[in-house]
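Undergrad:
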Amino acid sequence: MHGSSDERTRTGMSPEALKRAFVDSMFYVQARYWEVATPHDLYMAAAYTVRDRMLERWIHTAETYRKAHARTVCYLSAEYLLGPQLGNNLINLGIVDSARQGARDLGMDLQEILDQEPEPGLGNGGLGRLAACYLDSLATLSIPAIGYGIRYEHGIFDQSIVDGWQVEDCDLWLTNGNPWEIPRPLLRFPVRFGGHTEPYTDEHGRFRVRWVPELELYGMAYDTPILGFGVDNTNLLRLWHATAGRSFDLQAFQKGDYYGAVNAKVAAENITKVLYPNDEPEAGKELRLKQQYFFVSCSLQDMMRAHLQQAPNLEGFHERYAAQLNDTHPSIAVAELMRLCLDEHGMDWEAAWEITRRTFAYTNHTLLPEALETWPVELFGRLLPRHLEIIYEINARFLDELRMRYPFDPERVARMSLIEEGPVRRVRMAHLATVGSFAVNGVAAIHSELVKSTVMRDFHELWPEKFHNVTNGVTPRRFVQLSNPELCGIVTDLAGPGWVRDAENLRTLEPHADDAAFQQRWQAMKRAAKERLAARIREATGAVIDPQSLFDIQVKRIHEYKRQHLNLLHIVALYHRIKQGADSDPTPRTFVFGGKAAPGYFMAKLIIKLIHSVAEVINRDPEVNERLRVVFVPNFNVKNAECIYPAADLSEQISTAGKEASGTGNMKFSMNGALTIGTLDGANVEIRHAVGHENFFLFGLTVSEVERTLAEGYCPWEIYRGNDELREVIDLLRSGLFSHGDPDLFRPLTDSLLQHDPYLLLADYPAYIETQARAGDAFRDVAGWTRMSILNSARTGCFSSDRAIREYCGKIWRVEPMPVSLATNDARVS
Ligand code: 6GP
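Numbering (our numbering), first residue to last: 2 to 831.
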């Protein structure tokens with residue numbers, strides 16, 4: 002007699018089945034019983050319960066892809082900013098309600114369990130979070146894909162604030178165990194460093210090169226299943242952990258040098274110890290280059306292993322895989338794949354090169370000159386002597402081609418070389434990535450145009466067909482359904498639950514934008530989100546904020562080009578007006594900031610201090626604090642972000658035009674019904690186009706105006722002298738009012754603004770102030786604002802990462818969906 006599917010399998014989805022599994026996990030996995038179970042035990046048991054259901058799908062997916070020899074996307078990224086897993090996995094499995102019910106039956110609160118999860122913060126910001134959104138979309142779209150990266154023992158630091166200054170604390174996400182990962186002790190690959198190379202002749206009499214490394218360690222795989230939404234496809238995120246070789250430094254042991262041998266082990270394991278917390282490259286940091294090579298080498302060896310299980314040789318490698326380089330961090334892959342083909346698989350140069358350049362595609366995520374990765378040749382050659390030789394050979398062949406093509410243009414040839422000549426010769430990683438790839442893309446329309454006209458101009462002239470745009474996207478599962486249940490409810494009532502897979506269905510909101518009853522529901526949704534944020538802020542900082550005020554929010558990494566200090570100039574101007582009795586913006590506002598500064602970036606840390614200092618003065622002043630409040634949410638991370646985006650009325654996207662490659666926070670805000678105040682930079686341009694110009698607060702110089710202003714000899718001092726209010730604002734910062742009488746504290750910031758102002762804050766100041774005033778006025782027209790808010794959500798479905806991944810699949814990867822269904826597998830589980 003067959004029972005229901007729930008009774009047949011141990012991975013049923015009803016509240017009853019979940020409860021049974023939960024109790025089992027508590028007992029058999031966590032080894033705990035009720036009376037002594039801590040909240041963390043409850044979380045672990047819940048996570049294992051969910052994981053079992055994912056593993057079933059995962060194994061079935063792997064089987065399906067393997068049998069079909071499916072063309073597979075390999076996403077190579079040094080960062081994945083995943084955020085907490087449990088809530089998202091419940092959503093993607095479609096069991097939120099069952100889980101809530103089951104928890105309630107057992108006398109627990111699901112939210113309290115979710116709150117227990119530490120955050121895997123294996124990324125710095127935009128680039129890492131984008132990779133996480135893309136994993137979600139790849140699985141949801143049933144695309145065979147593997148994410149490859151590094152299992153950092155310590156992710157991005159925890160930020161706390163002491164006396165207004167950022168203090169960094171070590172992230173300890175693994176301390177209490179990670180229930181989502183499966184360690185694979187047997188899946189390990191050797192990775193070598195240092196030593197020298199030597200020529201030899203192989204058995205066919207061919208000239209060959211052998212690498213004699215100095216050091217060998219191993220990369221061990223840790224696998225995390227990535228479940229698609231509403232499908233059974235469950236993809237793989239494989240992160241590499243460094244361990245010492247099997248018999249680590251046996252020689253030292255035999256010589257009795259026990260501590261020497263242990264040191265070697267410690268050094269090996271250091272490679273995956275910590276994520277570099279900078280969004281700029283670590284000039285010359287040897288460990289960083291080791292990290293990059295380490296994870297790329299493991300990943301390529303793993304890809305080859307899987308390929309050779311099913312194919313006689315590597316000929317069809319590029320047919321089997323499309324490997325995406327997430328910025329230049331993994332671009333050493335070009336040289337490593339060549340090395341593996343040449344040295345380990347005995348191929349000749351032409352065949353190896355053909356496979357290599359047809360395997361990789363490269364995404365550029367920034368144009369900031371200081372962020373373009375280069376490595377000193379000396380360091381490179383010391384760590385990776387064989388790879389340097391290979392890069393020289395790639396370069397020699399490439400430069401020959403260029404000389405034929407541009408016989409009278411040696412300067413162009415020098416500009417394009419993979420090696421930068423100068424007092425310190427350097428390897429240009431972006432050039433290596435471009436030469437070794439079949440496609441190069443930027444991450445927003447304007448950014449992709451700038452890639453072609455600036456940093457990659459010569460390459461674009463040589464290979465125009467190689468260059469593409471794929472505008473970034475964000476997953477509506479995490480950033481709407483999980484973060485904003487009220488909004489999710491509204492859209493689901495109108496469009497049915499399918500909109501989460503097809504965010505274009507947010508459009509069904511549009512005809513209701515003027516409907517009074519609908520507007521009320523919308524306002525209640527915003528209100529609930531604002532109250533949640535207010536409660537969280539009170540808990541984290543003690544600050545009390547008014548959910549009725551305009552929530553004006555800027556959360557992102559702290560950087561001068563993102564111009565948090567332009568936002569501050571506006572706040573100080575408003576403060577000054579109130580104190581002068583000349584208040585022209587009676588809209589009460591709460592300014593919310595959040596974001597981490599790179600630990601070595603002094604100006605960014607000073608901006609955090611200034612935010613706190615301005616907040617202290619304003620929030621304490623009864624004449625002002627009914628109208629203005631300023632708060633800083635410490636430790637901006639995915640968890641906090643989920644609470645912040647839905648609560649925003651106004652989203653600050655105010656970077657200097659041409660500097661922000663895309664932005665993705667801008668999309669998350671807008672989808673959640675915030676209006677944007679922003680420049681024509683990154684994806685703001687496309688957001689404004691999508692939502693309609695009348696529903697976006699645009700200000701500031703355009704890219705060409707920025708260029709012209711700087712070329713014409715920009716003089717910020719003149720703007721300061723010519724604008725009374727601006728002068729008063731900057732003078733206040735220099736007066737000591739915000740620094741307990743110390744006029745020098747913020748001097749580096751004000752001096753930079755008055756002397757150079759490389760990010761043109763003063764040039765954009767008047768337009769920003771004027772546009773902010775319009776936003777403040779608009780907010781008091783409740784119906785008008787609500788309409789604009791609804792239209793923002795309705796029209797931003799195109800910024801779903803599903804759209805972005807479809808574009809990658811079509812334009813770049815040429816890969817097809819391969820749906821997986823557990824139902825076809827029923828026989829196996831019954
Ligand atoms: C960021 C860009 O600054 C941001 O504009 C973009 O939205 C994001 O990438 C995703 O494309 N870049 C980085 O985080 C980075 O490290 C090397 O670039």
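All C-beta atoms in this analysis are idealised placements derived from N, C-alpha and C, irrespective of residue type, glycine included.
Could you tell me which residues DSSP puts in a beta bridge with F698?
TA: For F698, which the question treats as bridged, DSSP gives the partners I678.
Undergrad: Can you have a look at W241 and say buried or exposed, based on whether 16 or more other CB atoms are within 10 angstroms of its CB?
TA: By the neighbour-count rule (16 or more Cβ atoms within 10 Å), W241 is buried.
Undergrad: When every heavy atom of ligand 1 is checked, does at least one fall within less than 7 angstroms of the C-beta of G126?
TA: Indeed, a heavy atom of ligand 1 lies less than 7 angstroms from the Cβ.
Undergrad: Confirm the yes/no value for this check: CB of H513, any heavy atom of ligand 1, distance under 7 angstroms.
TA: No; taking the cut-off as 7 angstroms, the Cβ of H513 has no heavy atom of ligand 1 nearer than that.
Undergrad: Give me the Cα-Cα distance between S26 and R101, rounded to the nearest whole angstrom.
TA: Their backbone Cα atoms lie some 17 angstroms apart in a straight line.
Undergrad: Any heavy atom of ligand 1 closer than 7 angstroms to the beta-carbon of S652?
TA: No - ligand 1 has no heavy atom lying nearer than 7 angstroms to the Cβ of S652.
Undergrad: Could you check where the alpha helix (DSSP H) with V452 kicks off and where it finishes?
TA: Taken as a continuous stretch (DSSP letters only), the alpha helix (DSSP H) holding V452 covers 446-454.
Undergrad: With distances taken from CA atoms, which of T141, R522, V545, A372 is nearest V456?
TA: Closest option to V456, Cα to Cα, is A372.
Undergrad: Judging by CA-CA distance, which residue of F361, L343, T360, A362 is the nearest neighbour of A353?
TA: Among F361, L343, T360, A362, the Cα nearest to that of A353 belongs to L343.
Undergrad: For ligand 1, is there any heavy atom lying closer than 7 angstroms to the beta carbon of E487?
TA: False, no ligand heavy atom lies under 7 angstroms from that Cβ.
Undergrad: Closest to D782 by C-alpha separation, out of S652, M305, G582, L551, would be which residue?
TA: Here the closest residue by C-alpha is L551.
Undergrad: Which of the three DSSP states is assigned to T364 in this structure?
TA: Note: T364 maps to strand in three-state DSSP.
Undergrad: Is the number of C-beta pairs between the segment 130-147 and the segment 472-483 that are closer than 8 angstroms three or more?
TA: These segments touch.
Undergrad: Taking the alpha-carbon of K274 as reference, which of G156, A32, L734, N396 has the nearest alpha-carbon?
TA: Cα-wise, what sits closest to K274 is G156.
Undergrad: Among residues of its own chain, excluding the 5 on either side of W59, which ones have a beta-carbon nearer than 6 angstroms to its beta-carbon?
TA: Once the five neighbours on either side are set aside, the close Cβ partners of W59 are P226, T235.
Undergrad: Can you check whether the CB of I272 is closer than 8 angstroms to the CB of H319?
TA: No.
Undergrad: With a floor of 4 residues, list each alpha helix (DSSP H) that falls wholly inside the segment 242-301, ordered by position along the chain.
TA: The segment 242-301 contains these whole alpha helix (DSSP H) runs: 251-255, 259-271.
Undergrad: Ignore the nearest five residues each way along the sequence and tell me which others in L128's own chain have a CB closer than 7 angstroms to its CB.
TA: So the qualifying residues of the chain are E80, N327, D328, H366.
Undergrad: Would A324 pass as a contact of C75 if the rule is Cβ separation under 8 angstroms?
TA: For A324 and C75, yes; Cβs fall inside 8 angstroms.
Undergrad: With DSSP collapsed to three states, give me the class of A352.
TA: Of the three classes helix, strand and coil, the one that applies to A352 here is helix, per DSSP.
Undergrad: Can you determine whether any heavy atom of ligand 1 sits closer than 7 angstroms to the C-beta of E661, and answer yes or no?
TA: E661 Cβ: within cutoff of ligand 1.
Undergrad: Would Y769 be called buried (16 or more neighbouring beta carbons within 10 Å of its own) or exposed?
TA: Y769 is buried by the Cβ-count criterion.
Undergrad: Check whether the Cβ of D137 lies closer than 7 angstroms to any heavy atom of ligand 1, and answer yes or no.
TA: No.
Undergrad: Using a Cβ-based criterion (distance less than 7 angstroms to any ligand heavy atom), does D106 qualify as near ligand 1?
TA: It does not: the Cβ of D106 is nowhere closer than 7 angstroms to a heavy atom of ligand 1.
Undergrad: Excluding the 5 residues preceding and the 5 following W181 in the sequence, name in chain order all residues of the same chain whose CB lies nearer than 6 angstroms to its CB.
TA: Hits under 6 angstroms: Q86, T225.
Undergrad: Verify the contact flag: G664, CB atom, against every heavy atom of ligand 1, threshold strictly below 7 angstroms.
TA: Yes, the Cβ of G664 comes within 7 angstroms of a heavy atom of ligand 1.
Undergrad: For a test of your reading of the model: does the CB of G156 fall under 7 angstroms from any non-hydrogen atom of ligand 1? Yes or no.
TA: No, the beta carbon of G156 sits no closer than 7 angstroms to any heavy atom of ligand 1.
Undergrad: State buried or exposed for C810, treating a residue as buried only when at least 16 other CB atoms are found within 10 Å of its CB.
TA: By the neighbour-count rule (16 or more Cβ atoms within 10 Å), C810 is buried.
Undergrad: May I ask you to check if the CB of A372 is nearer than 7 angstroms to at least one heavy atom of ligand 1?
TA: Under cutoff, so the answer is yes.
Undergrad: Distance check for N485 and R829, CA to CA, integer angstroms please.
TA: Bear in mind that a pLDDT of 40 at R829, under 50, signals an unreliable position, so the model cannot answer this.
Undergrad: What number of angstroms, rounded off, separates the C-alpha of W212 from the C-alpha of L419?
TA: Their Cα atoms are separated by approximately 22 angstroms.
Undergrad: What first and last residue would you give for the alpha helix (DSSP H) that runs through Q102?
TA: Per DSSP, Q102 belongs to the alpha helix (DSSP H) from 97-106.
Undergrad: Return the residue from the list L338, K531, V414, L534 that minimises the CA-CA distance to R387.
TA: Here the closest residue by C-alpha is L338.
Undergrad: By the DSSP assignment, the beta strand (DSSP E) with M221 in it spans what residues?
TA: 216-228 is the span of the beta strand (DSSP E), which, as asked, contains M221.
Undergrad: Going by DSSP, which residues form a beta bridge with P191?
TA: Beta-bridge pairing links P191 to Y219.
Undergrad: Decide if E643 is buried, meaning its Cβ has at least 16 other Cβ atoms within 10 Å, or exposed.
TA: Classification of E643: buried, given that the 10 Å Cβ count is 16 or more.
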